[in-house]
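Here is the structure we will look at, set down as structure tokens.
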Amino acid sequence: WRQHILPLFQMTRDRIPGSDLTDDELTITWDWRRADPDTALTAAKELLDVLIHLTASMALKVAMTPKSIVIRDGQIGKGTYYNNQLASAEWDFLLAMGEDFEEVFASLPASAFSVQVGMKLSKAKCNFKTVHEARQLLAALAEVKAF
1 WRQHILPLFQ MTRDRIPGSD LTDDELTITW DWRRADPDTA LTAAKELLDV LIHLTASMAL
61 KVAMTPKSIV IRDGQIGKGT YYNNQLASAE WDFLLAMGED FEEVFASLPA SAFSVQVGMK
121 LSKAKCNFKT VHEARQLLAA LAEVKAF
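Right, here's the structure in full:
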């Protein structure tokens, strides 16, 4: 699927100054945080429409966050990774926080802390409006001294 999808992301990146493309083993992400918001949002909607139609019969997951579009194999995700690699470990403290972590939030034990960044419905226990609030929490946690 990558050979068909990657050129679409590259063309979108190339026509939107300030946008960026990340292609790793599991995902392709087009990010427009540093681009003109109006131009980028129009391009994002166009790309999203094309991706949804193109991938309708494929086992791929397309997601749009406030400033990016991500596509990945639908069988692989953060929740799957947590369940396969981390769930069996014993944790003194477990925090999951992010803009697109619903799969993880759904997988977490009741003792875990979960924070949705950005105002949307979520399985997370807490919701922060902004990334700034999330960073403040992380800074406060970094100050905590273990006994």
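So the sequence shown is numbered by the UniProt record's numbering: it starts at 1 and just counts up by one. We put the CB at the ideal spot given by N, CA and C, even for glycine. In this text, all values refer to a predicted model and were calculated from it rather than measured experimentally.
{"query": "Rounded separation between A142 and K129 - CA only", "result": "21 Å"}
{"query": "Cβ distance (whole Å) where S107 is taken to contact A87 below 8 Å", "result": "7 Å"}
{"query": "Assumed close pair I71, I28 - CB separation to whole angstroms, cut-off 8 Å", "result": "5 Å"}
{"query": "Stretch-stretch touch, CB-based, cutoff 8 Å, three pairs: the segment 82-96 with the segment 51-65", "result": "no"}
{"query": "8 Å contact criterion, which M64 and L41 should meet: CB distance rounded", "result": "Going by Cβ atoms, the distance from M64 to L41 rounds to 10 Å, so no, they are not a contact pair."}
{"query": "Limits of the alpha helix (DSSP H) - the one that S68 falls within", "result": "Here S68 belongs to no alpha helix (DSSP H); instead the beta strand (DSSP E) covers S68 to D73."}
{"query": "Cβ shell of G98 (< 7 Å), same chain only, five flanking positions each side left out", "result": "V117"}
{"query": "Where L60 falls: helix, strand or coil (DSSP)", "result": "strand"}
{"query": "heavy atom of the ligand COA below 7 Å from E133 C-beta", "result": "Within the structure as shown, the ligand COA is missing, as the structure has no ligands at all."}
{"query": "Straight-line gap, V104 to R15 (C-alpha atoms, nearest Å)", "result": "34 Å"}
{"query": "Sub-8 Å separation of A112 and L138 beta-carbons", "result": "no"}
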